[in-house]
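Chemist: The working numbering numbers the first residue of the sequence shown as 6 and each following residue consecutively.
I have a structure I would like to understand better, so I am pasting it below and will then ask my questions one at a time.
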Amino acid sequence: MDELVTRLTASGIEAHADPLTRSLYTSDASLYRIAPAAVAFPRSSEQVEQAYAVARDLGVPLTTRGAGTSIAGNSIGAGLVLDFSRHLDQVLHIDPEARTAVVQPGVVQARLQSAASPHGLRFGPDPSTSTRCTIGGMLGNNACGSRTLGYGRTVDNVVALKGFWGTGDRFDLTSGTRSTGPVAQQLTGLGAENLELIRTSFARFGRQVSGYSMEHLLPERNVDLARFLVGSEGTLSVLTEATVRLVRDPAVRVMIVLGYPDITLAGDATPAVLTHQPTACEGFDQRLLDVLHSRGGTSPPLPPGPAWLFTEVSGEDRGEVLARAEAMVDDAGLGAHSSLIVTDAAQAAALWRIRADGAGLAGRSPAGKPAWPGWEDAAVPPTSLGAYLRDFDELVVAHGLSSAPYGHFGDGCMHVRLDVPLDAPDGPTQLREFVVDAAKLVATYGGSLSGEHGDGRARSELLPLMYSPEVIDLFAAAKHACDPDNLLNPGVLVDPAPLDADLRFPARRTPTPLAFSWTADGGDFSQAVHRCTGVGKCRADNTASGGVMCPSYLATREEKDSTRGRARVLQEMLNGSVVTGGWRAPEVHDALDLCLSCKGCASDCPTGIDMASYKAEVLHQSYKGRLRPIAHYVLGQLPRWVRAGARAPKVANALLRAGDRMPFAKSAVGVDARRSIPQVAADPFRSWAREHGLHPYDAARATGDEVVLLVDTFTDNFSPAVGAAMVAVLRDAGFTPVLPTTAGCCGLTWISTGQLDGARRQLERTLAGLAPAANAGVPIVGIEPSCTAVLRHDAAELVPTDDARAVRDATVTLAELLARTPGWSPPSLDGVRIIAQPHCHHHAVMSWAADAALLERAGAQVQRLGGCCGLAGNFGVEKGHYDVSVAIAEQQLLPAVRAARPGDVVLADGFSCRTQLDDLLGALPGGESRGMHLAQLLAAKL
Numbered sequence: 006m007d008e009l010v011t012r013l014t015a016s017g018i019e020a021h022a023d024p025l026t027r028s029l030y031t032s033d034a035s036l037y038r039i040a041p042a043a044v045a046f047p048r049s050s051e052q053v054e055q056a057y058a059v060a061r062d063l064g065v066p067l068t069t070r071g072a073g074t075s076i077a078g079n080s081i082g083a084g085l086v087l088d089f090s091r092h093l094d095q096v097l098h099i100d101p102e103a104r105t106a107v108v109q110p111g112v113v114q115a116r117l118q119s120a121a122s123p124h125g126l127r128f129g130p131d132p133s134t135s136t137r138c139t140i141g142g143m144l145g146n147n148a149c150g151s152r153t154l155g156y157g158r159t160v161d162n163v164v165a166l167k168g169f170w171g172t173g174d175r176f177d178l179t180s181g182t183r184s185t186g187p188v189a190q191q192l193t194g195l196g197a198e199n200l201e202l203i204r205t206s207f208a209r210f211g212r213q214v215s216g217y218s219m220e221h222l223l224p225e226r227n228v229d230l231a232r233f234l235v236g237s238e239g240t241l242s243v244l245t246e247a248t249v250r251l252v253r254d255p256a257v258r259v260m261i262v263l264g265y266p267d268i269t270l271a272g273d274a275t276p277a278v279l280t281h282q283p284t285a286c287e288g289f290d291q292r293l294l295d296v297l298h299s300r301g302g303t304s305p306p307l308p309p310g311p312a313w314l315f316t317e318v319s320g321e322d323r324g325e326v327l328a329r330a331e332a333m334v335d336d337a338g339l340g341a342h343s344s345l346i347v348t349d350a351a352q353a354a355a356l357w358r359i360r361a362d363g364a365g366l367a368g369r370s371p372a373g374k375p376a377w378p379g380w381e382d383a384a385v386p387p388t389s390l391g392a393y394l395r396d397f398d399e400l401v402v403a404h405g406l407s408s409a410p411y412g413h414f415g416d417g418c419m420h421v422r423l424d425v426p427l428d429a430p431d432g433p434t435q436l437r438e439f440v441v442d443a444a445k446l447v448a449t450y451g452g453s454l455s456g457e458h459g460d461g462r463a464r465s466e467l468l469p470l471m472y473s474p475e476v477i478d479l480f481a482a483a484k485h486a487c488d489p490d491n492l493l494n495p496g497v498l499v500d501p502a503p504l505d506a507d508l509r510f511p512a513r514r515t516p517t518p519l520a521f522s523w524t525a526d527g528g529d530f531s532q533a534v535h536r537c538t539g540v541g542k543c544r545a546d547n548t549a550s551g552g553v554m555c556p557s558y559l560a561t562r563e564e565k566d567s568t569r570g571r572a573r574v575l576q577e578m579l580n581g582s583v584v585t586g587g588w589r590a591p592e593v594h595d596a597l598d599l600c601l602s603c604k605g606c607a608s609d610c611p612t613g614i615d616m617a618s619y620k621a622e623v624l625h626q627s628y629k630g631r632l633r634p635i636a637h638y639v640l641g642q643l644p645r646w647v648r649a650g651a652r653a654p655k656v657a658n659a660l661l662r663a664g665d666r667m668p669f670a671k672s673a674v675g676v677d678a679r680r681s682i683p684q685v686a687a688d689p690f691r692s693w694a695r696e697h698g699l700h701p702y703d704a705a706r707a708t709g710d711e712v713v714l715l716v717d718t719f720t721d722n723f724s725p726a727v728g729a730a731m732v733a734v735l736r737d738a739g740f741t742p743v744l745p746t747t748a749g750c751c752g753l754t755w756i757s758t759g760q761l762d763g764a765r766r767q768l769e770r771t772l773a774g775l776a777p778a779a780n781a782g783v784p785i786v787g788i789e790p791s792c793t794a795v796l797r798h799d800a801a802e803l804v805p806t807d808d809a810r811a812v813r814d815a816t817v818t819l820a821e822l823l824a825r826t827p828g829w830s831p832p833s834l835d836g837v838r839i840i841a842q843p844h845c846h847h848h849a850v851m852s853w854a855a856d857a858a859l860l861e862r863a864g865a866q867v868q869r870l871g872g873c874c875g876l877a878g879n880f881g882v883e884k885g886h887y888d889v890s891v892a893i894a895e896q897q898l899l900p901a902v903r904a905a906r907p908g909d910v911v912l913a914d915g916f917s918c919r920t921q922l923d924d925l926l927g928a929l930p931g932g933e934s935r936g937m938h939l940a941q942l943l944a945a946k947l
């Protein structure tokens, strides 16, 4: 494909065919994998046309792509992929009077909402992926979302479309107005010649999305080609601009949660719920919650279930909306055995988030196995939903599978993922047998194979089970009229590829001995990296809700710097066809270079991806027995050098100050010259501890109120005042703080640089010093969040022993310990304004919920920041990372601290977070850090 890229580049179009770029676009959110020949990033509609002209001249197929969140495999292809999300991502115009918006196809739905919101308007359809899905993708699939009952499908909100047909002819289509031109004439003729067939086969119920929407070719619909193109999955045309309808956002929304004994009864109740005219009616059951909880997630309290309908009523008058909500709860005909009315917007948002994360959560089945899309969004008329759910559950059991169904019950659309063993020799056969049986079941209910995601590669082959041969021929005629050369997204809808072709499933288990145990994935690194289902939450800005993932993507907006992009490259590394260099492949290291190892994905990605651990394993395998980058020896073994310097702190600090003034010296050891070097404390915390009566844990002297203080390198040698504050708070709470029986290090810096054998040795010594207390039931309280997180997560993966697991279970944060201490109350923080930067590992591994609850109980006013500070241990210090590190800090932390008012407290438990602040904004007068640890905040108020 050298000629393709050469000609595109000559036209001024950015295009790449290197292995890294191709590996990023081999898949979407489906279970399909097709490596593209090349990927291009057009900057204008003219460049889109030029790119297609080049591809057409060379006979290369074209696939257009937005966020790549397609679950049916309709945004991947073997030819040229055009990524609209990088440059064609603008809201061009908002007309508040006409209530319309003109957008480019790559604009994210949430960005359109932000542009419309100041006018009191919104775009109605709201898929669960709204924070990253693009309007172009929504048009391609006829996306719907949770509030279709109130706002309709995407097709119901289209005003006009611009683009070109597969013939290359441009179009400018307005909904409700007949179009002209050769293609328009052929499509009009198809409608006129097949009136009875179209009238009896299409638009039978709202979620009949499968196939082409031929009903829009009927004369009574005025041959509406704009609406006809919606849902055609990029097989008929290329869209370059859309005008969409906006709606007035209601002043009042009230959520009603209805509990049922099982999900089928919730399905039975749905038609009665619809008589109350809700704007949303969603359903799921305990199976989805169990997956959430198994991953350490939490959910707001729900009324007794174990199945629920989440419904919503809205309007302009609060009293009227509340009365409708109460009428729904009081309606005995709904058969609910419990209910909850939610008027608080934050509480409702937390509940809706469970449903929004469904696609990712369902990536692990109730049986704990990997679960795959493939039968993702079938729909039946809502009146048949309960019966269909019963039959579907029986079908799942009959095939020896498990599932966690959920979905848009008000529309009869059910989402599900299935734990088909795709890595087994007969896995693809099992998949085919199930989906064929499932398609036949849907057809018996007069349903649709797809209710909103499109047919794509997953279901196009099954269309003859839903439609007559005459309809299938009609689809082919429409395709030929619009795209006679079959260059637009071939293999989808017409002349489809087999549904079990081009499957993306884990490569065979690597024979290489692994450093981590990968317990949750059966010891299989391939299973671990294939947790990524491509839902793309890592491409969204999750910081407003306190999320962290993915700071590097937010800084660069490059797919390779997203969690999903990295996972795709690792999958291709294991596959070995596009990325061929194994662990040491340059494509792999390029993709992982800007990973901060923040672990944000471990909690924020609904599939449970842990890219920090993946990176550590890759670095371990790559450099095992080989010379490493100098930064690995200097920063990766920092605790060793700090301990050496602590023996003579005056000499060490003199050398550090001298080195700080010599940029070339920092550069020589892999440190960015713009970084300052912190000074070693003259009096380490361990010395202070001995002077203040702290002794190593001794079971023979135990009185029952001991708590072991996890003394880390950073607290000991850089922030001893934090350790002293911890002691004061613990003693005030009635505890006797003690030290581990032997000094140790958690090995975090070794882990983050992939020196996992060294990390294991560090941890073995540390665990030996903590295990006696842990096995005796004595709590271990961490000071530094990242070190605490190692004991809570990484230690048992590197040292899979009973002692490691005992230490893991005994280790707590300060807030967690205080929260479970009877009779303890926090000192008053009334009137204290706090800007809180939770450490990423704290957020991801331990959760910051206990800290938030403690501060609320103390009466503080808390502004919780999302995102990462950007330093992330050694990451922001290393050469080549400074600019990205600063860009990440500018996402939330630095603007919030600059805007702080006099007297505001910056709460930052992590040494990295405090160091980043002082390095970028300067320390306070006297050298005091701008950031404060929770222990210091509490100790100052005792």
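Just so it is clear, CB atoms sit at the ideal spot from N, CA and C, and this is done for glycine as well.
Small disclaimer: the values here were computed from a predicted structure and weren't measured.
Hey, Leu661 and Ile682: beta-carbon distance below 7 Å or not?
Modeler: Cβ distance < 7 Å, so Leu661 and Ile682 count as in contact.
Chemist: So, at 7 Å on beta carbons, what are the nonlocal neighbours of Pro283 in its own chain, with the 5 sequence-adjacent residues on each side left out?
Modeler: Taken in chain order, the residues that qualify are Leu154, Thr316, Glu317, Val318 and Gly415.
Chemist: Would you call Thr818 buried or exposed, if buried means 16 or more other Cβ atoms sit within 10 Å of its Cβ?
Modeler: Burial call: buried.
Chemist: Counting only runs that start and end within the stretch 533 to 582, where is the alpha helix (DSSP H) found for 4 or more residues in a row?
Modeler: Correct list: 556 to 561 and 568 to 580.
Chemist: Is Pro831 near Arg862, with beta carbons less than 7 Å apart?
Modeler: Taking 7 Å as the Cβ cut-off, Pro831 and Arg862 qualify as a contacting pair.
Chemist: Leaving out five residues on either side along the sequence, give the residues of the same chain with a beta carbon under 7 Å from the beta carbon of Thr771.
Modeler: So the list reads Gly749, Cys750 and Cys751, once near-sequence residues are dropped.
Chemist: Could you check what DSSP says for Arg250 in three-state terms: helix, strand or coil?
Modeler: Arg250: strand per DSSP, three-state reduction.
Chemist: With distances taken between CB atoms, is the gap from Pro224 to Gly264 smaller than 7 Å?
Modeler: For Pro224 and Gly264, no; Cβs fall outside 7 Å.
Chemist: Can you tell which of Gly73, Leu67, Ala72 and Leu97 has its C-alpha closest to the C-alpha of Val86?
Modeler: The candidate whose alpha carbon is nearest that of Val86 is Leu67.
Chemist: Please classify Asp807 as buried or exposed, where buried requires at least 16 neighbouring CB atoms within 10 angstroms.
Modeler: So Asp807 counts as exposed.
Chemist: Would Asp7 and Phe46 be called neighbours here (beta carbons separated by less than 7 Å)?
Modeler: Contact flag unset, no.
Chemist: Cys918 by DSSP, collapsed to three states: which one?
Modeler: Helix, per DSSP.
Chemist: Excluding sequence positions up to five away, which residues of its chain have a Cβ less than 6 Å from the Cβ of Gln52?
Modeler: Contacts found: Ile18.
Chemist: Would you list the residues sitting across from Phe176 in a DSSP beta bridge?
Modeler: Answer is Gly168.
Chemist: Could you tell me which of Cys874, Asp856 and Arg226 sits nearest to Cys845, measuring between CA atoms?
Modeler: Selected option, being the one with the closest Cα: Cys874.
Chemist: Could you round the C-beta distance between Glu564 and Leu13 to whole angstroms and report it? I think they count as a contact, below 8 Å.
Modeler: With 8 Å as the limit, Glu564 and Leu13 do not qualify as a contact, their Cβ atoms being about 18 Å apart.
Chemist: Just to check my reading of the structure: Gly320 and Pro255 have Cβ atoms closer than 8 Å, yes? What is that Cβ distance to the nearest angstrom?
Modeler: Gly320 to Pro255, Cβ: 6 Å. Contact.
Chemist: Using C-beta distances below 7 Å, list every residue in its chain close to Pro689, excluding the 5 sequence neighbours before and after it, in chain order.
Modeler: These residues qualify, in order along the chain: Ala651, Asp721, Asn722 and Pro725.
Chemist: In angstroms, rounded to a whole number, what distance separates the CA positions of Thr275 and Arg152?
Modeler: So the two alpha carbons sit approximately 15 Å from each other.
Chemist: Look at the Cβ atom of Gly125, then the Cβ atom of Gly71, and state whether they are nearer than 7 Å.
Modeler: For Gly125 and Gly71, no; Cβs fall outside 7 Å.
Chemist: Could you tell me how far apart the beta carbons of Arg571 and Leu597 are, in whole angstroms, since I believe they sit closer than 8 Å?
Modeler: Right, the Cβ-Cβ distance comes to about 6 Å (below 8 Å), so this counts as a contact.
Chemist: Using a threshold of 7 Å, state whether the C-beta atoms of Asp424 and Leu406 are closer than that.
Modeler: Taking 7 Å as the Cβ cut-off, Asp424 and Leu406 qualify as a contacting pair.
Chemist: Starting from the N-terminal side, write out each stretch of the alpha helix (DSSP H) that is 4 residues or longer and does not extend beyond the stretch 194 to 261.
Modeler: Entirely contained in the stretch 194 to 261, the alpha helix (DSSP H) runs reaching 4 residues are, in chain order, 200 to 206 and 230 to 234.
Chemist: According to DSSP, what are the bridge partners of Cys418?
Modeler: Partner(s): Ala384 and His413.
Chemist: Alpha carbon to alpha carbon, how far is Val734 from Val553?
Modeler: Rounded to whole angstroms, Val734 to Val553 spans 29 Å at the Cα level.
Chemist: For a quick check, are the C-beta atoms of Thr134 and Asn494 less than 7 Å apart?
Modeler: Cβ atoms of Thr134 and Asn494: not closer than 7 Å.
Chemist: Should Ala148 go down as buried or exposed, given a rule of 16 or more other Cβ atoms within 10 Å for buried?
Modeler: Buried: at least 16 other Cβ atoms inside 10 Å.
Chemist: Which of the three DSSP states is assigned to Ser343 in this structure?
Modeler: Three-state result, Ser343: strand.
Chemist: Exposed or buried, Arg797, counting other C-beta atoms within 10 Å across all chains shown (16 or more means buried)?
Modeler: Flag for Arg797 reads buried.
Chemist: Would Val257 and Val326 be called neighbours here (beta carbons separated by less than 7 Å)?
Modeler: Yes, these two residues count as a Cβ contact at 7 Å.
Chemist: Helix, strand or coil, according to DSSP, for Arg104 in the structure here?
Modeler: Of the three classes helix, strand and coil, the one that applies to Arg104 here is coil, per DSSP.
Chemist: Can you tell which of Gly932, Cys555, Ser582 and Pro805 has the C-alpha that lies nearest to the C-alpha of Ala892?
Modeler: Comparing Cα-Cα distances from Ala892 to each of Gly932, Cys555, Ser582 and Pro805, the minimum goes to Cys555.
Chemist: In the stretch 825 to 889, which residue ranges form an unbroken alpha helix (DSSP H) of at least 4 residues, counting only runs that do not cross its ends?
Modeler: Listed in chain order, the complete alpha helix (DSSP H) runs (minimum 4 residues) inside the stretch 825 to 889 are 854 to 863.
Chemist: Would you check if the distance between the CB atom of Val889 and the CB atom of Ala560 is smaller than 7 Å?
Modeler: Yes, these two residues count as a Cβ contact at 7 Å.
Chemist: Can you tell me whether DSSP reads Tyr950 as helix, strand or coil?
Modeler: Residue numbering for the chain in the displayed model covers 6 to 947; residue 950 lies beyond these limits and cannot be assessed.
Chemist: Name, in chain order, the residues that DSSP records as bridge partners for Pro742.
Modeler: According to DSSP, which records beta bridges pairwise, Pro742 is partnered with Val712.
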